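The next block holds one structure in the form of structure tokens; read it before the comments.
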Amino acid sequence: MEIVEEIRKFVEEECKKKVNYFGYGIWAHHIIYVVKYAKLMAKRVGANEEIVEIAALLHDYASVKDYKLYEDHHLHGAELAEQILKKYNYPLNKIEKVKHCILSHRGSKIISKLTKESLCVVDADSMAHFDSIPSLFYLAFFSHKMNINEANNWLIQKLERSWNKLSPEAKEVIKAKFEAARVLLK
Ligand SMILES: [Fe+2]
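For the sequence shown, the numbering used here assigns the number -2 to the initial residue and increments by one for each residue that follows.
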């Protein structure tokens, strides 16, 4: 089986496990959209699609594996990705590129210069919010215990923050959804 398919199956199975604090929803309502947008961006900017897809699949894996790793899940995630990919004999130079994407996906605290590939994952992590509005409402009502107005305001602010983080290329892709959300969530 192709490496990307192996990693896809692996991450989905990990998301199904009981120890996953977020539940299967992190796969169904977040990771699959991050993968979708990361690949789309890779095509648009000419980044390496395989690196980008593997990094998108693994970018939140540390917090799925163990919620205690959440705070630094970019650091742990990069280490875990290395261990996993080495088991598949993935080339070391490509492992480094995947690690770079995972390390830099939470702002650029440690990494100042983003590669084309990391930019795709950073953009996709924010773009994914525009495909998961129902699950964001679920989070607002059931986890954050918000009322309808609070949830509405929280969501529009969250989407505005996500929008502001996007690269010009990603904004082009997401513009129609952002504008629709602004009309509906006024
Ligand atoms: Fe994420």
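Virtual Cβ for every residue (Gly too), placed ideally from N, Cα, C.
What you are looking at is a predicted structure, and each value in this text was computed from that prediction instead of being measured.
If you compare the alpha carbons of Glu9, Ile29, Gly74 and Leu55 with that of Ala125, the shortest gap goes to Ile29.
The beta carbons of Ala78 and Val95 sit closer together than 8 Å.
Assignment of Tyr34 by DSSP, reduced to helix, strand and coil, places it in the helix class. By the Cβ neighbour-count rule, Ile99 is buried, with 16 or more other Cβ atoms within 10 Å of its own. Rounded to whole angstroms, the Cβ separation of Ala137 and Leu152 is 6 Å, and the two are in contact under 8 Å.
Taking 8 Å as the upper bound for CB-CB distance, Ser60 and Leu54 are not in contact here, some 14 Å apart.
Counting along the chain, the unbroken alpha helix (DSSP H) around Asn161 starts and ends at Ile145 to Lys162. In this structure, the C-beta of Val31 approaches ligand 1 to less than 7 Å from one of its heavy atoms. Only residues of its own chain outside the window of five on either side were considered, and among them Trp24 have a CB closer than 6 Å to the CB of Glu9, listed in chain order. Here Tyr85 really is in contact with Glu3; their C-beta atoms are around 6 Å apart, less than 8 Å. For the pair Glu114 and Val49, the CB atoms are nearer than the 8 Å cut-off.
In this structure Phe127 is buried. Its beta-carbon is surrounded by 16 or more other beta-carbon atoms within 10 angstroms. Our two residues, Gly43 and Val31, have alpha carbons roughly 17 Å apart in a direct line. The beta-carbon distance between Ala178 and Ile130, rounded to whole angstroms, is 7 Å. This is short enough to meet the 8 Å contact definition.
Distance between Glu93 and His102, taken at the CA atoms: about 14 Å.
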